[in-house]
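First comes the structure, then the notes that go with it.
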Amino acid sequence: MAELIANPGRRPGEPLSRLVADYVGAAAAERVLALLHACPRYRPTPLLPLPSLARQLGIGALMVKDEAQRLGLESFKSLGGIYAIAEILMQAAGVGPDAIMCDRVRALAATRTFVCASDGNHGRSVAAGARLFGARSIVFLHEGVSAARAGKIAALGAEIIRVPGTYDDSVDEAVRQAEINGWTLVADTAADTEDPIPGLIMRGYTTIADEVLAGMKALGGPPSHLFVQAGVGGLAAAMTGHLRARLPGAGPIITVVEPVAADCLLQSAVQGRIAEVGGDVTTIYAMLECRRPSPLAWEVLRGAADFFLSVDDDAAPAAMRALAWPQGDDPGIVAGESGAASLAGLMTVLAWASWREQLGLNAASRVLVINTEGATDPDLYARLVGRTAPQVA
Ligand SMILES: Cc1ncc(COP(=O)(O)O)c(C=O)c1O
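This is the structure we're talking about:
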């Protein structure tokens with residue numbers, strides 16, 4: 005059953021620790037944007053107001069940041085892997101963002117193999133980053149990853165290695181093979197906070213918060229509430245850390261949304277330390293199926309997130325349909341199950357008067373949710389939503 009807890013470790017106004025400030029703090033997005041502005045495919049993703057749905061839900065405004073339209077790769081994850089690979093190559097070649105496409109970087113990239121384990125979206129990002137600079141990439145996929153998702157990664161030039169078992173088994177295999185072969189592992193979580201790569205990936209995601217802040221003026225002001233979904237917590241930490249640093253003392257009430265079956269951040273908040281979820285973590289929110297938070301993400305969220313919420317699988321189709329079948333003049337939005345999880349979280353809270361009150365949600369609230377991915381499985385989307393998703397080239 006869904007659960008909501010106020011973060012017992014919340015420390016309002018406490019600055020980000022030095023460890024994470026470099027990755028998600030006020031200046032973090034600038035370095036990413038310096039690179040993105042050199043990319044012809046880059047444009048900010050839309051920040052879409054849904055006034056009719058807001059009215060129906062009894063809140064003042066609802067805004068959806070539509071990451072399904074990110075870099076032609078259908079999810080926010082594309083910001084992380086591509087940026088991390090660019091940063092690794094820039095640092096190795098000793099150049100800055102203005103020289104990212106120079107011969108030295110390309111020659112270096114030609115000698116490197118970037119690898120990762122993935123449920124789908126991160127693999128696409130690593131494959132796209134490696135291809136952009138002319139490097140080799142290998143993506144380890146567990147047996148539950150659909151052929152459709154595998155095909156999209158392979159189409160970006162990655163070699164696919166299938167691993168029997170679960171996501172955790174594919175992570176272990178990627179780590180093992182990277183060590184044996186001298187490949188560079190691009191993972192969005194690590195055993196401890198020493199590994200810089202999960203931090204670089206989070207820095208890539210701060211672009212989303214930066215774009216939200218840039219777009220807010222046009223929409224009449226910053227959000228009063230943010231709902232953000234989490235797997236290992238990288239996205240939630242990037243959004244939370246960056247917004248806290250840029251809006252000191254005035255930031256939104258931030259709720260981190262996870263599946264009931266895989267609520268590792270909520271459990272960590274309850275226990276006051278990183279907790280691991282046991283048993284079966286299978287959920288409709290397949291991209292959020294994580295047993296253990298990223299230590300670096302936890303370092304941000306443990307003091308800066310306001311609430312942790314777990315949501316039932318049943319909440320996903322309702323949220324997907326609310327976006328797919330718009331009311332009034334609202335735009336239609338294509339969201340996959342994990343993509344719609346933050347809206348599912350908002351709708352879950354609004355269904356309970358006591359939770360609504362706890363979060364201070366009312367007719368004056370301006371709520372931001374993030375659609376983190378499009379319909380990456382067209383058959384499942386059509387079954388859950390009752391209409392076909394447009395295909396992305
Ligand atoms: C579509 C989607 N939404 C949300 C997330 C959660 O991101 P994180 O693992 O950084 O918490 C993921 C992670 O893969 C994802 O693919």
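Mapping the sequence shown onto the working numbering, position 159 (from 1) lands on 163, and the numbers just tick up by one. From the three backbone atoms N, C-alpha and C, an ideal C-beta is built for every residue, glycine too.
What does residue i pair with, by DSSP beta-bridge criteria?
i: Asp-2; result: In this structure the chain extends from 5 to 397, so residue 2 is not present and cannot be described.
i: His-229; result: Ile-257 and Val-371
i: Ser-141; result: Phe-118
i: Glu-177; result: Bridge partners of Glu-177: none, in fact.
i: Pro-52; result: According to the sequence displayed, residue 52 carries Leu and not Pro. Per DSSP, Val-68.
i: His-146; result: Val-167
i: Ser-358; result: In DSSP, Ser-358 forms no bridge with anything.
i: Thr-188; result: Phe-118
i: Ser-79; result: Glu-377
Can you tell which of the options has its C-alpha closest to the C-alpha of residue i?
i: Ala-25; options: Ala-151, Met-243, Ala-266 and Ser-346; result: Met-243
i: Ser-122; options: Glu-361, Val-179, Ala-58 and Arg-387; result: Val-179
i: Leu-388; options: Ala-159, Leu-354, Glu-341 and Leu-20; result: Glu-341
i: Pro-263; options: Arg-306, Gly-245, Val-130 and Asp-316; result: Asp-316
i: His-246; options: Pro-16, Tyr-27 and Arg-296; result: Tyr-27
i: Gly-148; options: Asp-381, Arg-207, Arg-391 and Asn-185; result: Asp-381
i: Ala-241; options: Met-220, Ala-10, Arg-207 and Gln-271; result: Arg-207
i: Arg-135; options: Pro-16, Phe-144 and Phe-118; result: Phe-118
i: Ala-222; options: Arg-47, Ala-345 and Leu-52; result: Leu-52
i: Pro-252; options: Pro-12, Ile-9 and Glu-18; result: Glu-18
i: Asp-334; options: Leu-20, Ser-21, Arg-45 and Met-67; result: Met-67
i: Gly-336; options: Met-351, Ala-393, Val-304 and Val-285; result: Ala-393
i: Thr-170; options: Gly-186, Arg-295 and Ile-374; result: Arg-295
i: Ala-319; options: Gly-219, Ile-288 and Ala-10; result: Ile-288
i: Ala-398; options: Ser-298, Ile-257 and Ala-132; result: The first residue shown for the chain is 5 and the last is 397, placing residue 398 beyond what the model contains.
Just reading off the alpha helix (DSSP H) that residue i is part of, what are its end residues?
i: His-246; result: 238-250
i: Val-304; result: 299-308
i: Val-28; result: 22-28
i: Ser-314; result: Counting along the chain, Ser-314 falls outside any alpha helix (DSSP H), though it belongs to the beta strand (DSSP E) covering 311-315.
i: Lys-156; result: 151-158
i: Ala-111; result: 107-113
i: Ala-33; result: 32-40
For residue i, name the three-state secondary structure that DSSP assigns.
i: Thr-392; result: coil
i: Ile-288; result: coil
i: Ile-9; result: strand
i: Val-167; result: strand
i: Pro-202; result: helix
i: Ala-397; result: In this predicted model, Ala-397 has a pLDDT of only 48, less than 50, meaning its place in the structure is not dependable enough to derive any value.
i: Leu-269; result: helix
i: Pro-321; result: helix
i: Thr-380; result: coil
i: Glu-262; result: strand
i: Thr-210; result: helix
i: Ser-342; result: coil
i: Ile-337; result: coil
i: Val-99; result: coil
i: Thr-352; result: helix
i: Val-130; result: helix
i: Glu-183; result: helix
i: Tyr-87; result: helix
i: Arg-387; result: helix
i: Leu-365; result: coil
i: Arg-45; result: coil
i: Val-216; result: helix
i: Gln-331; result: coil
i: Ala-195; result: coil
i: Asp-123; result: coil
Whole angstroms is fine: what's the gap from residue i's alpha carbon to residue j's?
i: Gly-85; j: Ser-174; result: 17 Å
i: Asp-172; j: Gly-224; result: 43 Å
i: Ile-278; j: Asp-107; result: 43 Å
i: Ala-249; j: Pro-168; result: 42 Å
i: Arg-140; j: Arg-116; result: 6 Å
i: Arg-370; j: Val-232; result: 14 Å
i: Ala-162; j: Trp-329; result: 35 Å
i: Ile-205; j: Ile-142; result: 18 Å
i: Val-327; j: Leu-313; result: For clarity, residue 327 is Leu in the given sequence; the question names Val instead. The alpha-carbon atoms of Leu-327 and Leu-313 are separated by roughly 21 Å.
i: Ala-111; j: Leu-300; result: 32 Å
i: Gly-390; j: Gly-124; result: 24 Å
i: Pro-226; j: Pro-16; result: 18 Å
i: Ala-6; j: Val-99; result: 48 Å
i: Ala-386; j: Ile-184; result: 43 Å
i: Gly-235; j: Ala-158; result: 24 Å
i: Ile-2; j: Ala-90; result: It is not possible to answer for residue 2, since the shown part of the chain is limited to 5 through 397.
i: Gly-283; j: Gly-237; result: 20 Å
i: Thr-286; j: Asp-267; result: 11 Å
i: Met-324; j: Ala-97; result: 44 Å
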